[in-house]
Each structure stands twice: as C-alpha cells, then as structure tokens.
Amino acid sequence: GQQVMQIPQYQHVQEGEDFTTYCNSSTTLSNIQWYKQRPGGHPVFLIQLVKSGEVKKQKRLTFQFGEAKKNSSLHITATQTTDVGTYFCAAHSYSGAGSYQLTFGKGTKLSVIP
Amino acid sequence: KAGVTQTPRYLIKTRGQQVTLSCSPISGHRSVSWYQQTPGQGLQFLFEYFSETQRNKGNFPGRFSGRQFSNSRSEMNVSTLELGDSALYLCASSPGQGASPPNTGELFFGEGSRLTVL
Numbered sequence: 019g020q021q022v023m024q025i026p027q028y029q030h031v032q033e034g035e036d037f038t039t040y041c042n043s044s045t046t047l048s049n050i051q052w053y054k055q056r057p058g059g060h061p062v063f064l065i066q067l068v069k070s071g072e073v074k075k076q077k078r079l080t081f082q083f084g085e086a087k088k089n090s091s092l093h094i095t096a097t098q099t100t101d102v103g104t105y106f107c108a109a110h111s112y113s114g115a116g117s118y119q120l121t122f123g124k125g126t127k128l129s130v131i132p
Numbered sequence: 017k018a019g020v021t022q023t024p025r026y027l028i029k030t031r032g033q034q035v036t037l038s039c040s041p042i043s044g045h046r047s048v049s050w051y052q053q054t055p056g057q058g059l060q061f062l063f064e065y066f067s068e069t070q071r072n073k074g075n076f077p078g079r080f081s082g083r084q085f086s087n088s089r090s091e092m093n094v095s096t097l098e099l100g101d102s103a104l105y106l107c108a109s110s111p112g113q114g115a116s117p118p119n120t121g122e123l124f125f126g127e128g129s130r131l132t133v134l
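Line order of the protein sequences matches chains D and F.
Everything in the first sequence is counted per the working numbering, starting at 19 for the first residue and increasing by one.
Everything in the second sequence is counted per the working numbering, starting at 17 for the first residue and increasing by one.
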C-alpha cells in the first residue's frame, strides 16, 4: 500500500508554543486525512484534503496539502494541554477492483508542558 | 447515533490459543476495517469488509482472518497466538460508498480491543 512518512515522531512544546507535523510521500496522493488519538483513546477523524495546494482551518489548527499532492502538514497555533495526543496522517491508495486502502503514517506524539 | 462498538475491550490469552474479536459498526455503515496498533509499528491495516465481502487485505499472515455478517457486524480471528500479537485491535466503520473516489471517506473508530498474549 501507499507509504507515508511522518515527522517528527515526538514533539514536546511549552503551552502557548506552536506545533507542526509533516507527512510526506514519494508518490502523488489522491487525498490525505488527519486523525488525532488522545492517550488511551482511539483515532478520531479531523479533516480530509483533496485538492492540490488546499488549505483548511479548524480554529487553531491549519491543514495544508502540497501543490504536488505529495506532502501535507498540520500546524497548531498556541498549543493548549487539550492538544496532547498523537496526530496521524493517512492516505488512500488504489488496491484494485475499484477499491481503496487507507494507510496511516507512524504518527507524531505531541506533549504539552503547562 | 451509536458509535462503533468493539468487544471485548480487554483480554488476556496465552501463546497458541486463538481469539475472536467483534465489531458492530455505526448503523447504516457497510464497510468495516480492522487495524492493529502497536507502539513500534503504529497503525497497520489488516483487512476491510464491505457487504460481507473482503475488499482489501493487508500484509498479515493467514492466522489473521475476518468475516462480516449480513447486518454489517464483523469479527476477526487470530489463531495460534504469538507474543507479538499483543496489540490494540481497532475496528473502523464507514459508509463504504458514496465518496469520490469510492470508499475514501472518513473512518469512525471504535475504542478497540486490547489483547495481551502471555
């Protein structure tokens, strides 16, 4: 399936600082999704990007899809303790017979120091 | 609308045993996907079922199998358990169609079944 590399693996920030995680692929992606998993919880869908160069915002979160559709980023402005968790990017790859498979990056674990 | 329900939430097995995990998707969702989550490997795709048919399969040995029933509920089975099978097994449901490209919409995950193999 599609390989998506995600960096960094861990990020520790002081509350109020910004945070960015990056997702990269060697091939063109049809779309990219972002999920958040709180400690002890399950992944929760945040957003999906489809168009080249697309930028979407959700309050303090900004999601970008690269012009070449090979990379994406999630930026959080002024982190809060509620932002703690692991952020995953995920991409669909065509698996044949009209079907697509969703492959996840390894995730970026965000810690916020109050 | 009720979310995705997975049972059991926790279980402990010994090597060589087999285990069956259950997943009830969101009402109306016809696609169920299974993922294995471990600290080292992250979220790895096991398989996806749509309308009782396996539509996609990840790179796991044949000891991992699954099925889906006519009411869209799904089960996965792991036979001859190994220590390395200890993981959080997550089920996710989606409508399975209607998105563009097809079955590329968001996934709704359950709380997971945490399996420990001793």
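We treat Cβ as the ideally placed atom computed from N, Cα and C, and that holds for glycine.
None of the values given here were measured: they were computed from a predicted structure.
Could you pull out every residue in the same chain whose Cβ sits closer than 7 Å to the Cβ of residue i, ignoring the five residues on either side in sequence?
i, result
"K87 (chain D)", "T46, L47 and S70"
"Y26 (chain F)", "R130"
"S86 (chain F)", "E68"
"Y112 (chain D)", "Y118"
"H30 (chain D)", "S129 and I131"
In the DSSP assignment, find the beta strand (DSSP E) that holds residue i and state where it starts and stops.
i, result
"R130 (chain F)", "S129 to V133"
"G2 (chain F)", "What is shown of chain F runs 17 to 134, which leaves residue 2 (chain F) out entirely."
"H110 (chain D)", "G103 to G114"
"I50 (chain D)", "I50 to Q55"
"T36 (chain F)", "V35 to S40"
"N42 (chain D)", "F37 to N42"
"V73 (chain D)", "V73 to Q76"
"F81 (chain D)", "L79 to F83"
"K29 (chain F)", "Y26 to K29"
"F122 (chain D)", "S117 to F122"
"D90 (chain D)", "What sits at residue 90 (chain D) in the sequence shown is Ser, not Asp. N89 to I94 is the span of the beta strand (DSSP E), which, as asked, contains S90 (chain D)."
"L67 (chain D)", "V62 to L67"
"Q22 (chain F)", "T21 to T23"
"Q24 (chain D)", "M23 to I25"
Consider the Cβ of residue i: report whether some Cβ of chain D lies at a distance smaller than 9 Å.
i, result
"F66 (chain F)", "yes"
"Q60 (chain F)", "yes"
"L123 (chain F)", "yes"
"L27 (chain F)", "no"
"Y105 (chain F)", "no"
"S109 (chain F)", "no"
To which residues of the same chain is residue i closer than 8 Å at the C-beta, ignoring the five residues directly before and after it?
i, result
"K54 (chain D)", "P61, V62, L64, G103, T104, Y105 and F106"
Please return the same chain residues whose Cβ sits closer than 6 Å to the Cβ of residue i, not counting the five positions on each side in sequence.
i, result
"T36 (chain F)", "E91 and N93"
"C41 (chain D)", "V22, Q24, S90, C107 and G123"
"G74 (chain F)", "F61 and L62"
"G34 (chain D)", "A96"
"F66 (chain F)", "R46, S47 and G112"
"T39 (chain D)", "L92, Y105 and T126"
"S40 (chain F)", "T21 and R89"
"P55 (chain F)", "none"
"T80 (chain D)", "H93"
Does residue i have its Cβ less than 9 Å from a Cβ in chain F?
i, result
"V102 (chain D)", "no"
"S43 (chain D)", "no"
"Y40 (chain D)", "no"
"S117 (chain D)", "yes"
"S70 (chain D)", "no"
"T99 (chain D)", "no"
"F106 (chain D)", "yes"
"S91 (chain D)", "no"
"F63 (chain D)", "yes"
"Q21 (chain D)", "no"
"S129 (chain D)", "no"
Beta carbon of residue i: closer than 8 Å to some heavy atom of the ligand COA?
i, result
"S86 (chain F)", "Absent from the structure shown: the ligand COA. Ligands present: none."
Going by DSSP, what residues sit across from residue i in a beta bridge?
i, result
"R83 (chain F)", "F:E91"
"V48 (chain F)", "F:Y65 and F:S109"
"S129 (chain D)", "D:H30"
"F125 (chain F)", "F:A108"
"T100 (chain D)", "Looking at the DSSP assignment, T100 (chain D) forms no beta bridge with any residue, so it has no partner."
"A86 (chain D)", "Looking at the DSSP assignment, A86 (chain D) forms no beta bridge with any residue, so it has no partner."
"N72 (chain F)", "F:E64"
Please check the pair residue i and residue j, which I expect to be a contact at CB under 8 Å, by giving their CB distance rounded to whole angstroms.
i, j, result
"V22 (chain D)", "G123 (chain D)", "4 Å"
"V48 (chain F)", "F124 (chain F)", "Between F124 (chain F) and V48 (chain F) the Cβ distance is about 10 Å, and since that is not below 8 Å, they are no contact."
"V68 (chain D)", "N49 (chain D)", "5 Å"
"G128 (chain F)", "Q22 (chain F)", "6 Å"
"P111 (chain F)", "R46 (chain F)", "7 Å"
"Y105 (chain F)", "Q52 (chain F)", "6 Å"
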